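Q:
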Amino acid sequence: TQLLEQSPQFLSIQEGENLTVYCNSSSVFSSLQWYRQEPGEGPVLLVTVVTGGEVKKLKRLTFQFGDARKDSSLHITAAQPGDTGLYLCAGDRGSTLGRLYFGRGTQLTVWP
Amino acid sequence: NAGVTQTPKFRVLKTGQSMTLLCAQDMNHEYMYWYRQDPGMGLRLIHYSVGEGTTAKGEVPDGYNVSRLKKQNFLLGLESAAPSQTSVYFCASKIYASNQPQHFGDGTRLSIL
Numbered sequence: 003t004q005l006l007e008q009s010p011q012f013l014s015i016q017e018g019e020n021l022t023v024y025c026n027s028s029s030v031f032s033s034l035q036w037y038r039q040e041p042g043e044g045p046v047l048l049v050t051v052v053t054g055g056e057v058k059k060l061k062r063l064t065f066q067f068g069d070a071r072k073d074s075s076l077h078i079t080a081a082q083p084g085d086t087g088l089y090l091c092a093g094d095r096g097s098t099l100g101r102l103y104f105g106r107g108t109q110l111t112v113w114p
Numbered sequence: 393n394a395g396v397t398q399t400p401k402f403r404v405l406k407t408g409q410s411m412t413l414l415c416a417q418d419m420n421h422e423y424m425y426w427y428r429q430d431p432g433m434g435l436r437l438i439h440y441s442v443g444e445g446t447t448a449k450g451e452v453p454d455g456y457n458v459s460r461l462k463k464q465n466f467l468l469g470l471e472s473a474a475p476s477q478t479s480v481y482f483c484a485s486k487i488y489a490s491n492q493p494q495h496f497g498d499g500t501r502l503s504i505l
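The listed protein sequences correspond, in order, to chains A and B. Residues in the first sequence are numbered consecutively from 3, following our numbering. Residues in the second sequence are numbered consecutively from 393, following our numbering.
(1) Per DSSP, what kind of secondary structure is Gln464 of chain B in: helix, strand or coil?
(2) On the DSSP bridge assignment, give the partners of Glu7 of chain A in chain order.
(3) In chain order, which continuous runs of the alpha helix (DSSP H) of length 4 or greater are located wholly inside the segment 66 to 97 of chain A?
(4) Mind checking whether the beta-carbon of Leu99 of chain A lies closer than 7 Å to any heavy atom of the ligand ZN?
(5) Cα separation between Gln429 of chain B and Ser33 of chain A?
(6) Distance check for Arg101 of chain A and Phe31 of chain A, CA to CA, integer angstroms please.
(7) Measure the alpha-carbon distance for Thr111 of chain A versus Pro83 of chain A and round it to whole angstroms.
(8) Got a sec: is the Cβ-Cβ distance from Ser490 of chain B to anything in chain A below 8 Å?
(9) Taking 8 Å as the CB-CB cut-off, is Pro493 of chain B touching chain A?
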């Protein structure tokens with residue numbers, strides 16, 4: 003059973019379109035992290051959201067943490083081909099083990 | 393800045409062979425993790441370590457063993473490789489603090505024939 007459900011699994015859009023990726027759970031997390039992974043490389047952190055209701059912006063990317071700290075979303079405005087990649091959400095339950103629970107990922111392809 | 397280094401980058405094994413994957417980090421991180429990544433499955437935790445000399449099982453530990461004799465190194469072993477272990481393996485490390493990110497290596501692509 004996946005602790006974090008991420009959707010959609012695949013997104014194929016044209017340059018300039020907007021998109022949203024969702025990460026949902028029935029569990030509460032102390033923080034939610036978003037990573038981006040490119041082919042042949044490991045995931046790289048984009049952002050960490052910690053406070054319920056928090057919104058963080060990274061250029062054209064907007065990240066939101068749900069009020070109850072059970073869900074998060076990533077919104078990309080005016081997507082560009084350079085945004086292509088695998089986006090992963092990961093939840094930290096705040097244990098001393100430092101363990102992250104990963105969603106299955108969203109493979110985004112942006113066509114020029 | 394080396395960060396997390398995994399060796400080898402690619403390997404092909406025959407069923408039943410054994411091998412060890414090496415992960416080295418130069419950030420003095422206490423925590424280290426081994427994941428496998430399969431299409432559509434995200435990252436699944438195999439084993440992890442919260443400090444030198446300690447290891448623990450993750451969600452998919454069967455068929456793997458690990459050791460952390462030195463703080464900077466975390467080894468993943470396959471005693472008798474099976475085709476189901478064909479995957480991309482990632483190592484990650486993390487500082488001992490809440491809500492901090494994990495730092496990943498670039499992966500080892502392992503094929504078992």
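Cβ coordinates follow ideal geometry from the N, Cα and C atoms, glycine included. None of these values were measured; they are calculated from a predicted model.
A: Put simply:
(1) Position 72 of the second sequence, counted from the start, is the residue given in the question as residue 464 of chain B. Look at Gln464 of chain B here: in three-state DSSP terms it is coil, with no helix or strand label.
(2) If you number the first sequence from 1, residue 7 of chain A lands on position 5. Answer is A:Asn26, bridged to Glu7 of chain A.
(3) Listed in chain order, there is nothing to give.
(4) Of the ligands one can find in the structure shown there are none, so the ligand ZN has no counterpart to examine.
(5) Stepping through the second sequence from its first residue, residue 429 of chain B is reached at position 37. Stepping through the first sequence from its first residue, residue 33 of chain A is reached at position 31. C-alpha separation (whole angstroms): 22 Å.
(6) The count along the first sequence starts at 1 and reaches residue 31 of chain A at position 29. The count along the first sequence starts at 1 and reaches residue 101 of chain A at position 99. Cα to Cα, the separation comes out at about 11 Å.
(7) Position 109 of the first sequence, counted from the start, is the residue given in the question as residue 111 of chain A. Position 81 of the first sequence, counted from the start, is the residue given in the question as residue 83 of chain A. If I take the Cα positions, the gap works out to 7 Å.
(8) Translated into positions along the second sequence, residue 490 of chain B becomes position 98. Ser490 of chain B counts as touching chain A.
(9) Within the second sequence, residue 493 of chain B is the residue found at index 101, counting from 1. Closer than 8 Å to some Cβ of chain A, the Cβ of Pro493 of chain B qualifies, so yes.
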